[in-house]
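Trainee:
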Amino acid sequence: MSTANYVLTRRKMKSIRLRVVPPAGEIKVSAPPGVPKHFIDQFVQEKSDWIERQRSQIKLMDPPLEIDAKACKERLEQRVPELLEYWQARLGVKCTGWRTRKMKSRWGSCNINTRRINLNLVLGALDDLLLEYVVVHELVHLHERYHNKRFYAWLEQMLPDWREREAGLRAVPLY
Ligand SMILES: [Zn+2]
Numbered sequence: 687m688s689t690a691n692y693v694l695t696r697r698k699m700k701s702i703r704l705r706v707v708p709p710a711g712e713i714k715v716s717a718p719p720g721v722p723k724h725f726i727d728q729f730v731q732e733k734s735d736w737i738e739r740q741r742s743q744i745k746l747m748d749p750p751l752e753i754d755a756k757a758c759k760e761r762l763e764q765r766v767p768e769l770l771e772y773w774q775a776r777l778g779v780k781c782t783g784w785r786t787r788k789m790k791s792r793w794g795s796c797n798i799n800t801r802r803i804n805l806n807l808v809l810g811a812l813d814d815l816l817l818e819y820v821v822v823h824e825l826v827h828l829h830e831r832y833h834n835k836r837f838y839a840w841l842e843q844m845l846p847d848w849r850e851r852e853a854g855l856r857a858v859p860l861y
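In this note's numbering, the protein residues as written are 687 to 861.
#1: DSSP three-state label for Glu752, please.
#2: Candidates Leu805, Lys788, Val822: which alpha carbon is nearest Arg849's?
#3: Could you spell out where the beta strand (DSSP E) holding Ala839 opens and where it closes?
#4: Give a yes or no on contact between the segment 731-746 and the segment 781-791, applying the rule of three or more CB pairs nearer than 8 Å.
#5: So if DSSP puts Thr695 in a beta bridge, which residue, or which two residues, is it bridged to?
#6: Give the straight-line distance between the Cα atoms of Ile798 and Leu828, rounded to the nearest whole angstrom.
#7: Out of Arg761, Glu752, Leu770, which one is the CA nearest neighbour of Gly810?
#8: Is Glu771 buried or exposed, if buried means 16 or more other CB atoms sit within 10 Å of its CB?
#9: By how many angstroms is the C-alpha of Glu712 removed from the C-alpha of Val826?
#10: Say whether the segment 720-732 touches the segment 773-781, bearing in mind that this needs 3 or more beta-carbon pairs closer than 8 Å, one atom from each stretch.
#11: Under DSSP, the alpha helix (DSSP H) around Gly854 begins and ends at which residues?
#12: For ligand 1, is there a heavy atom less than 8 Å away from the beta-carbon of Glu824?
#13: For His829, verify whether its CB is less than 8 Å away from any heavy atom of ligand 3.
#14: Can you have a look at Arg703 and say buried or exposed, based on whether 16 or more other CB atoms are within 10 angstroms of its CB?
#15: Compute every distance between the C-beta of His724 and the non-hydrogen atoms of ligand 1, then say whether any falls below 8 Å.
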């Protein structure tokens with residue numbers, strides 16, 4: 687793919703922004719409305735080394751997981767209730783409910799106002815240890831909103847091997 691082809695979005699912003707997007711390594715550029723096209727062409731051209739580096743990084747990534755959404759959902763429905771029961775008791779917190787969602791950039795989230803937990807559907811295709819880590823992580827947010835010392839102290843106490851599990855999750859491509 688040449689650097690001459692890119693997808694341009696005009697947006698109210700202060701400077702030009704360039705992204706290389708997996709899995710194909712497509713170039714996406716956002717630019718303020720007033721910047722002439724030839725200027726953007728040149729900008730992209732000047733970044734060609736950086737673009738190539740990004741593309742080789744992308745090639746090293748694993749292909750996206752082929753997931754069977756129905757099977758994932760079923761597996762989560764089977765596993766999550768008992769995980770919640772166990773970990774809510776250990777942590778001394780209670781969420782008001784959980785659901786699965788397709789999320790592109792995270793594994794889970796916790797709304798601490800409604801005390802609801804969202805789990806990425808893809809977790810249904812991963813190892814139980816990773817699913818458990820996300821459930822515990824989100825429940826810990828019911829004690830502590832931010833990823834601060836207090837938050838990690840809880841994690842450390844509850845799941846001493848949380849770092850390995852988090853690294854395991856990071857190794858799974860999510861997009
Ligand atoms: Zn978190």
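Note that CB positions come from ideal geometry on N, CA and C, so glycine has one too.
Mentor: Answer, in terms of the structure:
#1: DSSP places Glu752 in coil when its eight states are reduced to three.
#2: Looking at the Cα atoms, Val822 is the closest of the given residues.
#3: Ala839 -> not in any beta strand (DSSP E); alpha helix (DSSP H) instead, spanning 835-844.
#4: Result no; under three Cβ-Cβ pairs closer than 8 Å.
#5: Answer is Ser716, bridged to Thr695.
#6: Distance between the alpha carbons of Ile798 and Leu828 is about 6 Å.
#7: The residue with the shortest Cα to Cα distance from Gly810 is Arg761.
#8: With fewer than 16 other CB atoms across the displayed protein chains lying within 10 angstroms of its CB, Glu771 is exposed.
#9: Their backbone Cα atoms lie some 38 Å apart in a straight line.
#10: When Cβ pairs closer than 8 Å are counted between the two stretches, the segment 720-732 is seen not to touch the segment 773-781, the count staying below three.
#11: Its alpha helix (DSSP H) spans residues 848-856.
#12: Yes, the Cβ of Glu824 comes within 8 Å of a heavy atom of ligand 1.
#13: No copy of ligand 3 occurs in the structure displayed; its ligands are ligand 1 alone.
#14: For Arg703, the number of other beta carbons within 10 angstroms of its own is below 16, and it is reported as exposed.
#15: No heavy atom of ligand 1 is found nearer than 8 Å to the CB of His724.
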